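Numbering (full-length UniProt numbering), first residue to last: 1 to 251.
Worksheet: one structure, shown below.
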């Protein structure tokens, strides 16, 4: 499952909820966890429908969808650090006077000005989204871009990848097919990212792996599985516990 694709293509109403429904499944847009309609889920003696259990999952793991989204890289949110902090305080329901004291900002009227600026940003975003949607109907020359990973640790030109470029790189370095072995990992950084994003798809989202299991899966693709494992962590495609006892997919 391409979690980043689901996330970026989701309607704003679904993004606010943090999950979508596809066929008989509810899929979390934040980590890919799935719950099936028609199954009753139990926790602490309480029974939940699939959708209610999805809401509980998001609350327990992320606190709220707001908490998850506000924690994304600033290149994804478009927020400065100051705007990010203000939005967190607004979300907590604090008054302008309380925020002024907590942030040591000039006066309560200064906070109101920040509220106005953020409202203006919202209006601009709506117009921009409308323009982009209208443009898509006319711009037949725009290349298809591979979706940016939600948990990318640092966004830069490495993530500017067209689907055509992605396919060419994979065909070159996986000569026996996409499920085959990797020819080499002595690659430029952008090509490393393409290869790693392909390899991480061999792991199941929502499942935890031991280090031995990770090594075994990666060894089918490349002899130097230790290097692959390290880069998957560095690029934010997988995460692990500090003691290395558990690994999981983050994208």
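A virtual CB, placed ideally from N, CA and C, is assigned to each residue, including glycine.
Note that the structure is predicted; figures quoted are calculated from it, not measured.
### Where the beta strand (DSSP E) containing residue 122 begins and where it ends
Here the question's residue 122 lines up with position 122 in the chain shown. Segment 108-136 is the alpha helix (DSSP H) holding residue 122; no beta strand (DSSP E) there.
### Query
What did DSSP end up calling residue 46 once you bin it into helix, strand or coil?
Within the chain shown, numbered from 1, the residue matching residue 46 stands at position 46. Note: residue 46 maps to strand in three-state DSSP.
### Extent of the continuous alpha helix (DSSP H) to which residue 195 belongs
Taking the first residue of the chain shown as position 1, residue 195 is located at position 195. Segment 189-199, the alpha helix (DSSP H) holding residue 195.
#### Entry: Test item: CB-CB of residue 70 and residue 87 under 8 angstroms
The sequence position of residue 70 within the chain shown is 70, counting from 1. The sequence position of residue 87 within the chain shown is 87, counting from 1. The answer is yes: Cβ separation under 8 angstroms.
### Query
Using DSSP with H/G/I as helix, E/B as strand and the rest coil, what is residue 94?
Against the chain shown, residue 94 aligns to sequence position 94. Coil, per DSSP.
#### Entry: Best match in 72, 197 and 185 for proximity to residue 224 [C-alpha to C-alpha]
By one-based count along the chain shown, residue 224 stands at place 224. It is 185.
### Query
Applying the criterion that 16 or more other CB atoms from any shown protein chain within 10 Å of the CB defines a buried residue, is residue 147 buried or exposed?
As a first step, residue 147 must be located in the chain shown, where it is residue number 147. Residue 147 is buried by the Cβ-count criterion.
### Task
Excluding the 5 residues preceding and the 5 following residue 31 in the sequence, name in chain order all residues of the same chain whose CB lies nearer than 6 angstroms to its CB.
Taking the first residue of the chain shown as 1, we reach residue 31 at position 31. Closer than 6 angstroms at Cβ, skipping near neighbours: no residue.
#### Entry: C-beta contact flag for residue 206 and residue 80 at 8 angstroms
The residue given as residue 206 occupies position 206 in the chain shown. The residue given as residue 80 occupies position 80 in the chain shown. Cβ atoms of residue 206 and residue 80: not closer than 8 angstroms.
### Task
Could you please give me the residues that DSSP links to residue 248 through a beta bridge?
Counting from 1 along the chain shown, the entry for residue 248 is found at position 248. Paired residue(s): 239.
### Message
Here's the rule I'm using: 16 or more other beta-carbon atoms within 10 Å means buried, otherwise exposed. How should residue 82 be labelled?
### Response
The residue you call residue 82 lines up with position 82 of the chain shown. With fewer than 16 other Cβ atoms within 10 Å, it is exposed.
### Query
Excluding sequence positions up to five away, which residues of its chain have a Cβ less than 8 angstroms from the Cβ of residue 170?
The count along the chain shown starts at 1 and reaches residue 170 at position 170. Excluding positions up to five away in sequence, the list reads 178, 194, 195 and 198.
### Query
How big is the Cα-Cα spacing for residue 248 and residue 208?
On the chain shown, position 248 is the one that residue 248 refers to. On the chain shown, position 208 is the one that residue 208 refers to. Going by the C-alpha atoms only, they are around 5 angstroms apart.
### Message
I need the straight-line Cα distance from residue 40 to residue 16, nearest angstrom please.
### Response
Locating residue 40 in the chain shown gives position 40, where the first residue counts as 1. Locating residue 16 in the chain shown gives position 16, where the first residue counts as 1. Those two C-alpha atoms are separated by around 24 angstroms.
### Buried or exposed by the 16-neighbour rule on C-beta atoms within 10 Å, applied to residue 4
The residue labelled residue 4 in the question sits at position 4 within the chain shown. Result: buried.
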